[in-house]
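First comes the structure, then the notes that go with it.
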Amino acid sequence: MRQLARDPFARTTLLRAVIRPLASGQICSWCGNVRSSRRCREPFLYRYGTEPDAIRPRVFWHDGAFCSKSCQDAYHL
935 MRQLARDPFA RTTLLRAVIR PLASGQICSW CGNVRSSRRC REPFLYRYGT
985 EPDAIRPRVF WHDGAFCSKS CQDAYHL
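Counting the sequence shown from 1 gives a position; this note's numbering is that position plus 934.
Structure follows, in structure tokens:
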């Protein structure tokens, strides 16, 4: 899991996790593409979530799997 962005006013953090291996026929929810790594050419997608500042933080995962953050942003407008 990787921290992508921090919003200090909303007190939330945007997180990204890699989905690997993919279910059969799983593609990006917005554009229909699939990413692949340079080394082993294994396909993967990203899953995005929001984690609030709290005593016991919990990640709220967004719907869908995406090939990039721009696809995730366009999908959730």
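Built from N, CA and C at the ideal position, the CB exists for glycine as well. Quantities reported herein were computed from a predicted structural model and do not represent experimental measurements.
(request) Starting from Asp1007, trace the beta strand (DSSP E) both ways and give me its first and last residue. (result) Where Asp1007 is concerned, there is no enclosing beta strand (DSSP E), although the alpha helix (DSSP H) it sits in stretches over Lys1003 to Tyr1009.
(message) If you reduce the DSSP assignment to three classes, tell me which class Arg975 lands in.
(response) DSSP places Arg975 in coil when its eight states are reduced to three.
(request) Output the distance between the C-alpha atoms of Leu938 and Ser1002, rounded to the nearest integer angstrom. (result) Going from the Cα of Leu938 to the Cα of Ser1002 covers about 12 Å.
(request) Could you spell out where the beta strand (DSSP E) holding Asp987 opens and where it closes? (result) Note, Asp987: premise wrong, no beta strand (DSSP E); not H, not E.
(request) Pick out whichever of Arg940, Thr946 and Phe1000 has its Cα sitting closest to the Cα of Pro991. (result) Distances from the alpha-carbon of Pro991 to those of Arg940, Thr946 and Phe1000 put Thr946 closest.
(request) Measure the alpha-carbon distance for Arg940 versus Ala957 and round it to whole angstroms. (result) Arg940 and Ala957 have their C-alpha atoms spaced approximately 30 Å apart.
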